[in-house]
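In what follows, a single structure is set out as structure tokens and then discussed.
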Amino acid sequence: VVLSDLGELQAEATKAHIAMNQPALGSARGAASYATLDWDRLPDRAAFGYFDVVFAGDVIWHETLVEPFLKALSWAASGPGLGEAVLSHKVRDKESVDLFEK
């Protein structure tokens with residue numbers, strides 16, 4: 420599992436949650452890590468391997484975020500590939516939904 424968010428506070432909180440859950444992850448033979456994924460400067464895709472699922476929650480709450488999100492989603496589907504993507508979205512402005520659905 421690779422977790423990502425925007426901002427230092429969110430990064431530190433996510434890393435702390437990963438550390439707190441290490442015993443459960445280990446007993447389930449799982450793994451979790453944090454990676455910074457700047458949608459404007461995406462890293463080498465091959466370094467991440469195949470993604471079974473990409474979950475995106477509340478990521479296109481403004482129309483200016485739609486194009487960068489779609490770029491990041493295309494990045495996730497490239498290279499080693501992607502099984503499926505799940506988007507959880509709360510409508511905050513009609514423009515972002517219209518742009519996403521194009």
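The sequence shown begins at 420 in the numbering used here and counts up by one.
Note that CB positions come from ideal geometry on N, CA and C, so glycine has one too.
In the three-state reduction of the DSSP assignment, Val421 falls in the strand class. Taking a contact to require three or more Cβ pairs closer than 8 angstroms, the segment 461-476 and the segment 492-502 qualify as touching. Note that the C-beta distance between Thr433 and Leu444 is not below 8 angstroms.
Here Ala454 carries a coil assignment [DSSP, helix/strand/coil]. Under DSSP, Phe488 forms no beta bridge with any residue. The shortest C-alpha to C-alpha distance from Leu489 to any of Leu518, Ala438, Lys513 and Leu428 is the one to Leu518. For Ser507, the enclosing beta strand (DSSP E) covers residues Leu501 to Ser507. Burial is judged here by how many other beta carbons sit within 10 angstroms of a residue's own beta carbon; Val420 has fewer than 16 and is exposed.
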